[in-house]
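These notes are about the structure you will find just below.
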Amino acid sequence: MKRILAIVAAAVLAAAGCGGGAAGGGSGNRLSIATGGTTGVYYVYGGGLAKQLSSNIANTQATASVTSASVENIKLLASGRADIAFSQSDTAADAVNGKDTFTAAQPIKAIARIYDNYAHVVVSPGVEAETVADLKGKRVSLGPANSGTQVVARRMLEAAGIDPDADITKQQLSINESVQAAKDGTIDAFFWVGGVPTAGITDLATSKPDMKMLDTSDVLRTMQSTYGEQYVSLDVDMSVYKLSGAIKTVGIANVLLVPDSMDEQLAYDITKTLFAKKAELTAVHPEAGKLDPALGQQVAPVQLHPGAARYYQEQG
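The sequence shown lines up with residues -22 to -1, 1 to 294 when you count with mature numbering (1 follows the signal peptide of the UniProt record, and there is no 0).
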């Protein structure tokens, strides 16, 4: 993990001096990539992407920014403070439909579906809980404000018959803070939605191997009937966290988003670089190994940016 973070740090330093916003003309492109917390997959993946965009698109400098993830990332795109953003597909769907967190449709387009997120419901050592419903009355972190994790956490709790504002002692911690709180015993459980392995959870499992993750398959059907088929069932082989066994959990696709006003050629170049540098990105994080142009264009209900659509058309 130290090697991975070193690669990310190098990518960020290589892009130092860049401001948010894509610049045109002779000044080149300065691209800000909105990611997530430092021990999550978005940040690691985003740092690798920043390095590849800086190295392979002429007159381009890109940098990865730490954020609260999906909801904040879309707001950064809409306000012009970010140029590329990682997001869960459920949050992106809310954004284009002006639902829930978003009071109006957001001016975003997609360039690719990249990999699937796994809902992690992590139970602290010594806490008795076997299902999501068992979290009632407990101290639970739903993830940071303005995060996709919090969107999913609230929906999972509601599907289990729990009011997230009344039936638990709610906290809003980042993945880093949640892991430390679980180690300290100041929370009973936390939600995290991300790729596997997530470094923070690997760290927790290494130091506290009696932690556990809940099987959440029992809430999936209710989530699908309420919010749609964007929620799917995924299997987690717990050996990725050096633990035994396997569970089923709720899965959500991840997409890369850009402002709908982005120059078509730039969006094309970003999309092309993403897929052309799959091997280099996979060396940064294994989730990049799931990049596939056939899957990449499956971003509904978000529309593909015209530049990205041109790339997929060329790929047949």
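Beta carbons: idealized from backbone N, C-alpha and C, even for Gly.
Note that the coordinates shown come from a computational prediction; the quantities given were computed from them, not determined experimentally.
For residue i, does the count of other Cβ atoms within 10 angstroms reach 16, so buried, or fall short, so exposed?
i, result
"Asn124", "buried"
"Thr204", "exposed"
"Asp247", "buried"
"Gln291", "exposed"
"Gly2", "Confidence at Gly2 is low in this model, with a pLDDT of 40, below 50, so its placement is unreliable and no value can be given for it."
"Pro284", "exposed"
"Gly229", "buried"
"Gly15", "buried"
"Thr249", "buried"
"Asp162", "exposed"
"Asn232", "buried"
"Gln39", "buried"
"Glu265", "buried"
"Ala83", "exposed"
Measure how close the beta-carbons of residue i and residue j come, nearest whole angstrom, since I'm counting them as under 8 Å.
i, j, result
"Val99", "Leu31", "That pair is no contact at about 34 Å."
"Gly126", "Ser48", "3 Å"
"Val218", "Pro175", "5 Å"
"Ser33", "Asn51", "Their Cβ separation, rounded to whole angstroms, is 23 Å, which puts Ser33 and Asn51 out of contact at 8 Å."
"Val197", "Ala137", "4 Å"
"Val19", "Gly172", "5 Å"
"Ile35", "Asn7", "7 Å"
"Gly121", "Trp170", "7 Å"
"Ala60", "Ser43", "7 Å"
Quick check on residue i: does DSSP put it in helix, strand or coil?
i, result
"Lys226", "strand"
"Val118", "strand"
"Ala167", "strand"
"Gly3", "Any answer about Gly3 is weak, because its pLDDT of 37 lies below 50 and its placement is not dependable; what the coordinates show is given next. Correct three-state label for Gly3: helix."
"Leu192", "coil"
"Val101", "strand"
"Leu269", "coil"
"Thr200", "helix"
"Thr260", "helix"
"Thr147", "strand"
"Leu282", "strand"
"Gln158", "helix"
Any idea which residues DSSP pairs residue i with across the strands?
i, result
"Gly96", "According to the sequence displayed, residue 96 carries Tyr and not Gly. Tyr96 is bridged to Gly172, Gly229."
"Leu9", "Ala40"
"Ser65", "Val233"
"Thr81", "Per DSSP, none; premise fails for Thr81."
"Leu212", "Thr227"
"Ile86", "Pro237"
"Arg91", "Val233"
Nearest to residue i by CA position, among the options, is which residue?
i, options, result
"Val214", "Arg199, Leu235, Asp94, Ala278", "Asp94"
"residue 295", "Gln208, Met216, Ala36", "Look at the range of the chain in this structure, -22 to 294, and you will see that residue 295 is not part of it."
"Leu212", "Gly206, Thr164, Ile225", "Ile225"
"Ile62", "Ala97, Ala231, Val236", "Val236"
"Ala90", "Leu252, Glu265, Gly178, Gly267", "Leu252"
"Ile165", "Asp112, Pro142, Ser102, Gln275", "Ser102"
"Val110", "Asp141, Met240, Ala83", "Asp141"
"Ile11", "Thr45, Asn37, Thr17", "Thr45"
"Val262", "Met240, Thr194, Ala177", "Ala177"
"Tyr23", "Gly104, Gln202, Arg133, Leu269", "Leu269"
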